[in-house]
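Line order of the protein sequences matches chains A and B. Here the working numbering is used: position 182 in the first sequence is 182, and no number is missing along the way. So the number in the working numbering is just where the residue sits in the second sequence, counting from 1, plus 285. Note that beta-carbon positions come from the ideal geometry of N, C-alpha and C, so glycine has one too. None of the values given here were measured: they were computed from a predicted structure. Working notes for the structure below.
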Amino acid sequence: MSKVIEARGLRKRYGKTEAVKGVDLSIEAGKIVGLIGPNGAGKTSVLKAMLGLTDFDGELTILGRNPHTERHALMQDVCFIADVAVLPRWIRVREAIEYVEGVHPRFSRAKCEAFLAKTQLKPEMRVREMSKGMIVQLHLALVMAIDAKLLVLDEPTLGLDVLYRKDFYQTLLNDYFDHEKTIVVTTHQVEEIEHILTDVLFIKDGVISLSATMEELGSRFTEVMVPANQREAALALKPLDERSVFGKSILLYDGVPREQLDALGETRTPGLADIFVATMKGTYQ
Amino acid sequence: MNTFVTQLKREYWENRGGFFRAPMVVIGVVVLITIMGLTVGQFSVGSHIQMMGVPLTKAINSMPADKLQKVAEGINLGLAGMSMLVQFALGIVLFFYLIGCLFDERKDRSVLFWKSMPVSDVQTVLTKIVAATLLAPAIAWAAGILLHLLMLAVIGGFFWINDVSPMKLLWGPAEPLKLWGVMLAGIPVNAIWALPSIGWLMLVSSWARGKPFLWAVFVPVIAGILLTWFDALSSLSIPDTWYWKEVFARGLFSIFPWTFDASGAFRFGLEFSKDSTPSDVVSLKSLWMVLTMMKTWLGAAAGIAMIAGAVYFRRYRELSD
């Protein structure tokens with residue numbers, strides 16, 4: 001398997017603050033990776049470095065290229081939505097399609113028009129006349145019609161209602177993704193992407209705090225609901241996190257065998273959001 | 286090639302107002318004012334227009350050849366002047382186009398969209414230069430022709446109503462073809478002449494974090510004032526008039542087409558004197574003069590260096606969030 005993203009000791013500093021403090025990454029083709037972290041953890045800096053929008057220290061190659069010095073060549077194979085609502089306000093739907101068709105060799109007008117047919121967008125509409133959701137719809141239609149090897153989505157569904165968000169991820173999975181493509185996605189709506197991810201990366205204070213496949217995550221983390229009399233025994237096993245519901249404690253463990261925990265109470269596989277919250281404790285303190 | 290054409294189209298879509306509508310508005314206004322003036326003239330004076338006490342029709346018909354020659358000169362001067370009106374509007378449009386062309390995209394963050402496309406920063410900057418030096422001037426050139434045709438028709442019609450042969454007095458002596466040819470030849474020469482201005486405005490546009498207009502204008506103004514002070518306070522003689530003329534004026538305003546005059550001096554705006562009438566400025570001779578001046582090429586080199594700076598900033602300037 002060829003590496004799509006390879007980083008070693010990736011650092012990025014803005015003045016005195018170091019936003020990224022030595023990130024190591026290795027992502028293969030055919031993955032959908034969630035890059036998840038609290039605000040200010042360095043997510044955006046890592047993504048910007050990957051897309052050639054900023055310089056960096058350390059090693060970073062995307063599809064074998066240095067993104068900072070070879071951005072325009074790299075963009076043949078990489079697509080990104082770096083931020084919502086970055087389409088120029090004066091452009092019309094028709095013009096945006098003609099533009100991307102003209103400059104991008106891997107763009108398919110037919111695909112783009114098929115995506116747009118499902119929306120309210122009309123060819124003559126200008127971005128400035130659109131709602132925030134419509135702008136995102138246009139941007140996604142343009143980007144998903146490009147047959148890229150790597151797609152980077154930074155908060156792609158911000159400002160969209162829940163119906164469209166579900167639909168978007170479904171489309172992404174069914175009509176866009178295949179084993180040769182790689183998708184890196186960041187979002188705060190962790191629950192919504194959980195089921196489509198193959199891998200997950202947690203980033204905290206500029207370093208990768210967790211890197212695992214979804215299967216690994218399921219076998220590593222366990223959540224137990226423990227009655228009050230068992231609590232002492234449960235705490236002895238060093239849970240990552242504890243919260244209480246109706247007088248019972250819910251404890252989350254990393255790397256403790258499930259058989260051992262079954263004895264303490266009812267076990268289940270925690271959601272990605274629960275693991276995220278547990279591992280990020282103390283971020284804002 | 287396809288990328289280049291698409292990029293150029295994109296510049297046109299964004300700046301249709303300046304590139305296309307502005308010259309059309311100038312034409313509309315000039316033609317409208319002319320029609321209004323002629324209408325008022327027609328009703329108040331009617332067919333009693335006289336020339337030195339003789340009814341115009343008669344005067345024209347008996348006009349001696351040297352007088353007709355003068356009329357022809359006057360007509361061609363008028364045509365060149367009309368072209369200059371359109372060119373002046375073009376200058377204003379280009380000035381603001383260049384100041385905004387690499388700044389606005391950062392301000393509204395659309396640069397993130399443009400940068401997600403496989404287009405290099407060099408390509409982008411060059412496209413914008415082509416838009417400013419060839420595309421917009423070509424449209425303005427065509428607009429100038431349209432203005433000439435409309436004005437010749439309107440004034441000719443007025444003559445015809447008043448029994449004066451437009452052919453003899455207007456259409457015959459007018460030499461628009463020659464003028465159009467020179468105007469067309471002027472496009473590349475103006476582009477070379479304007480390079481320092483193009484470079485400076487684009488450099489500021491790609492560099493400034495805010496208020497590019499103020500940076501573009503006040504940096505050279507303050508530099509000039511400092512130079513003038515030095516000049517006054519010390520025995521060091523830094524030629525500040527040279528600065529204002531060759532650096533300040535050319536760096537900021539050479540984007541206005543035809544701002545060199547026949548004697549090779551820069552003139553701010555379009556100032557015409559007895560020896561540099563529009564038909565003197567708009568001549569192959571003055572174009573050739575511009576090309577033979579050393580300072581034309583020195584300025585062009587400085588302009589190219591600043592364009593390289595603009596490319597650098599377009600490529601490496603980080604977007605502040």
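### Message
For chain B, check one thing: does any of its Cβ atoms lie closer than 8 angstroms to the Cβ of Tyr-176/A?
### Response
Residue numbering aside, residue 176/A sits at position 176 when the first sequence is read from its first letter. The beta carbon of Tyr-176/A does not come within 8 angstroms of any beta carbon belonging to chain B, so the residue lies off that interface.
### Task
Kindly say whether Met-1/A, judged by its beta-carbon, lies nearer than 8 angstroms to any beta-carbon of chain B.
To locate residue 1/A, count along the first sequence from 1; it is residue 1. At Met-1/A, the pLDDT of 48 sits below 50, so the modelled position is not reliable; the number obtained from the coordinates is stated separately. Among the residues facing chain B, Met-1/A is not included, as its CB has no counterpart in that chain under 8 angstroms away.
### Query
Which residues of chain B have a Cβ atom closer than 8 angstroms to the Cβ of Gln-76/A, listed in chain order?
Walking along the first sequence from the start, residue 76/A turns up at place 76. The CB of Gln-76/A comes closer than 8 angstroms to the CB of Pro-403 in chain B, given here in chain order.
### Query
Is the CB of Lys-681/B under 8 angstroms away from at least one CB in chain A?
Residue 681/B lies beyond the stretch modelled for chain B, which goes from 286 to 606, so this question has no answer here.
### Query
Excluding sequence positions up to five away, which residues of its chain have a Cβ less than 7 angstroms from the Cβ of Lys-638/B?
Because residue 638/B is not part of the residues shown, which for chain B are 286 to 606, the question remains open.
### Query
At a Cβ threshold of 8 angstroms, is Thr-412/B touching chain A?
Numbered from 1 along the second sequence, position 127 holds the residue referred to as residue 412/B. With 8 angstroms as the cut-off, Thr-412/B does not count as an interface residue toward chain A.
#### Entry: Own chain residues within Cβ distance below 6 angstroms of Met-328/A, not counting five before or after
Residue 328/A is absent from the structure shown; chain A starts at 1 and stops at 285.
### Query
For the putative contact between Ile-32/A and Phe-177/A, defined by C-beta atoms under 8 angstroms, what is the C-beta separation to the nearest angstrom?
Looking up residue 32/A in the first sequence gives position 32. Looking up residue 177/A in the first sequence gives position 177. Contact flag correct, Cβ pair sits at about 7 angstroms.
### Query
Quick one: is Ala-550/B buried, meaning 16 or more other Cβ sit within 10 Å of its Cβ, or exposed?
Translated into positions along the second sequence, residue 550/B becomes position 265. In this prediction, Ala-550/B scores a pLDDT of 48, lower than 50, which makes its location untrustworthy; the coordinate-derived value is nonetheless stated afterwards. Exposed, since its Cβ has fewer than 16 Cβ neighbours within 10 Å.
#### Entry: Cys-79/A at chain B interface by Cβ criterion, 8 angstroms
Your numbering for residue 79/A matches position 79 in the first sequence. At least one chain B Cβ lies under 8 angstroms of Cys-79/A.
### Task
Flag Lys-392/B as yes if its beta-carbon sits less than 8 angstroms from any beta-carbon of chain A, otherwise no.
Counting from one through the second sequence, the residue named residue 392/B turns up at place 107. Interface with chain A (8 angstroms Cβ-Cβ cutoff): Lys-392/B is excluded.
### Proximal residues to Ser-368/B (C-beta, below 8 angstroms), its chain only, five neighbours per side dropped
To locate residue 368/B, count along the second sequence from 1; it is residue 83. So the list reads Gly-429, Leu-432, His-433, Leu-464, Met-468, Pro-563, Val-567, once near-sequence residues are dropped.
### Message
Using the three-state DSSP reduction, which class does Gly-64/A fall into: helix, strand or coil?
### Response
As a first step, residue 64/A must be located in the first sequence, where it is residue number 64. Under the three-state reduction of DSSP output, Gly-64/A falls in the coil class, being neither helix nor strand.
### Task
Output, in chain order, the set of chain A residues within a Cβ distance shorter than 9 angstroms of Leu-420/B.
What you label residue 420/B is simply residue 135 of the second sequence in a count that begins at 1. Here the premise fails: no neighbours, minimum Cβ distance about 16 angstroms.
### Query
Given that Tyr-382/B touches chain A, what residues does it touch there, using C-beta distances under 8 angstroms?
Counting from one through the second sequence, the residue named residue 382/B turns up at place 97. By Cβ distance, chain A contributes nothing, its closest Cβ being about 13 angstroms from Tyr-382/B, past 8 angstroms.
### Query
Around the Cβ of Val-325/B, are there at least 16 other Cβ atoms within 10 angstroms (buried) or fewer (exposed)?
Residue 325/B sits at position 40 when you count from the first residue of the second sequence. With fewer than 16 other CB atoms across the displayed protein chains lying within 10 angstroms of its CB, Val-325/B is exposed.
### Message
Using only the alpha-carbon positions, how far apart do Lys-21/A and Asp-83/A sit?
### Response
On the first sequence, residue 21/A is found 21 positions in, with the first residue counted as 1. On the first sequence, residue 83/A is found 83 positions in, with the first residue counted as 1. Cα-Cα distance, rounded: 23 angstroms.
### Query
Which class does Phe-551/B belong to by DSSP, given the choice of helix, strand or coil?
In the second sequence, the residue the question calls residue 551/B occupies position 266. Summary for Phe-551/B: the model assigns pLDDT 47, below 50, so the residue's position carries little reliability, and this model does not support an answer.
### Query
Which residue from Ser-219/A, Leu-158/A, Arg-220/A puts its Cα closest to that of Glu-192/A?
For the purposes of this step, residue 192/A is identified with residue 192 of the first sequence, where counting begins at 1. Per the C-alpha coordinates, the member of Ser-219/A, Leu-158/A, Arg-220/A positioned closest to Glu-192/A is Leu-158/A.
### Task
Compare the C-beta of Val-290/B against all C-beta atoms of chain A and say whether one is closer than 8 angstroms.
Position 5 of the second sequence holds residue 290/B. It does; some Cβ of chain A falls within 8 angstroms.
### Message
Please determine whether the Cβ atom of Arg-128/A lies at a distance below 7 angstroms from any heavy atom of the ligand ZN.
### Response
This structure simply doesn't include the ligand ZN, nor any ligand for that matter.
### Message
Within a Cβ cutoff of 6 angstroms, which residues of the same chain sit near Trp-445/B, ignoring the five residues on either side of it in sequence?
### Response
In the second sequence, residue 445/B corresponds to position 160, counting from 1. Pro-451.
### Task
Put Arg-231/A into one of helix, strand or coil per three-state DSSP.
Numbered from 1 along the first sequence, position 231 holds the residue referred to as residue 231/A. In this structure, Arg-231/A counts as helix in the three-state DSSP scheme.
### Query
Once you ignore the five residues that flank Lys-122/A on each side, which residues in its own chain have a CB closer than 8 angstroms to its CB?
As a first step, residue 122/A is located in the first sequence; it is residue number 122 there, counting from the start. Same-chain partners within the cutoff: Val-93.
### Query
For the region 258-272 of chain A against the region 303-317 of chain B, are there 3 or more C-beta pairs whose distance is under 8 angstroms?
No, because fewer than three Cβ pairs between the region 258-272 of chain A and the region 303-317 of chain B fall closer than 8 angstroms, the two stretches do not touch.
### Query
What residues in its chain sit with their C-beta under 8 angstroms from that of Leu-572/B, if we drop five residues either side in the sequence?
Mapped onto the second sequence, residue 572/B falls at position 287. Scanning its chain for C-beta atoms nearer than 8 angstroms, with the 5 sequence neighbours on each side dropped, one finds around Leu-572/B the residues Val-467, Ala-470, Gly-471, Val-474, in chain order.
### Query
Along the chain, where does the beta strand (DSSP E) that runs through Tyr-176/A open and close?
The residue labelled residue 176/A in the question sits at position 176 within the first sequence. Segment: none, Tyr-176/A is in no beta strand (DSSP E) and carries neither H nor E.
### Message
With a threshold of 8 angstroms between beta-carbons, can Leu-397/B be considered close to chain A, or not?
### Response
Against the second sequence, residue 397/B aligns to sequence position 112. Leu-397/B counts as touching chain A.
### Query
Which residue's Cα is closest to the Cα of Asp-175/A: Cys-112/A, Thr-69/A, Gly-34/A, Asp-24/A?
For the purposes of this step, residue 175/A is taken as the residue at position 175 of the first sequence. Ranking Cys-112/A, Thr-69/A, Gly-34/A, Asp-24/A by Cα distance to Asp-175/A puts Cys-112/A first.
### Task
Give me the Cα-Cα distance between His-68/A and Gly-42/A, rounded to the nearest whole angstrom.
As a first step, residue 68/A is located in the first sequence; it is residue number 68 there, counting from the start. As a first step, residue 42/A is located in the first sequence; it is residue number 42 there, counting from the start. Their backbone Cα atoms lie some 18 angstroms apart in a straight line.
### Query
From Thr-291/B to Gly-102/A, what does the alpha carbon distance come to, in whole angstroms?
Residue mapping note: residue 291/B aligns to position 6 of the second sequence, counting from 1. Residue mapping note: residue 102/A aligns to position 102 of the first sequence, counting from 1. C-alpha separation (whole angstroms): 5 angstroms.
### Partner residues on chain B for His-72/A, Cβ-Cβ distance less than 7 angstroms
Along the first sequence, read from residue 1 onward, the residue named residue 72/A stands at position 72. Residues of chain B passing the Cβ test: Pro-403, Val-404, Ser-405.
### Query
With 16 other CB atoms within 10 Å as the buried threshold, where does Glu-603/B fall?
For the purposes of this step, residue 603/B is identified with residue 318 of the second sequence, where counting begins at 1. Glu-603/B should be labelled exposed.
### Among Val-184/A, Ala-141/A, Glu-242/A, Leu-251/A, nearest to Leu-150/A - alpha-carbon criterion
On the first sequence, position 150 is the one that residue 150/A refers to. Shortest Cα-Cα distance from Leu-150/A to any of Val-184/A, Ala-141/A, Glu-242/A, Leu-251/A involves Val-184/A.
#### Entry: Cβ contact (3+ pairs, closer than 8 angstroms) linking the region 62-81 of chain A and the region 363-380 of chain B
Flag = no, the region 62-81 of chain A and the region 363-380 of chain B do not touch.
### Query
Would you report the Cα separation of Ala-145/A and Phe-168/A, rounded to the nearest angstrom?
The residue labelled residue 145/A in the question sits at position 145 within the first sequence. The residue labelled residue 168/A in the question sits at position 168 within the first sequence. Roughly 13 angstroms separates the two Cα atoms.
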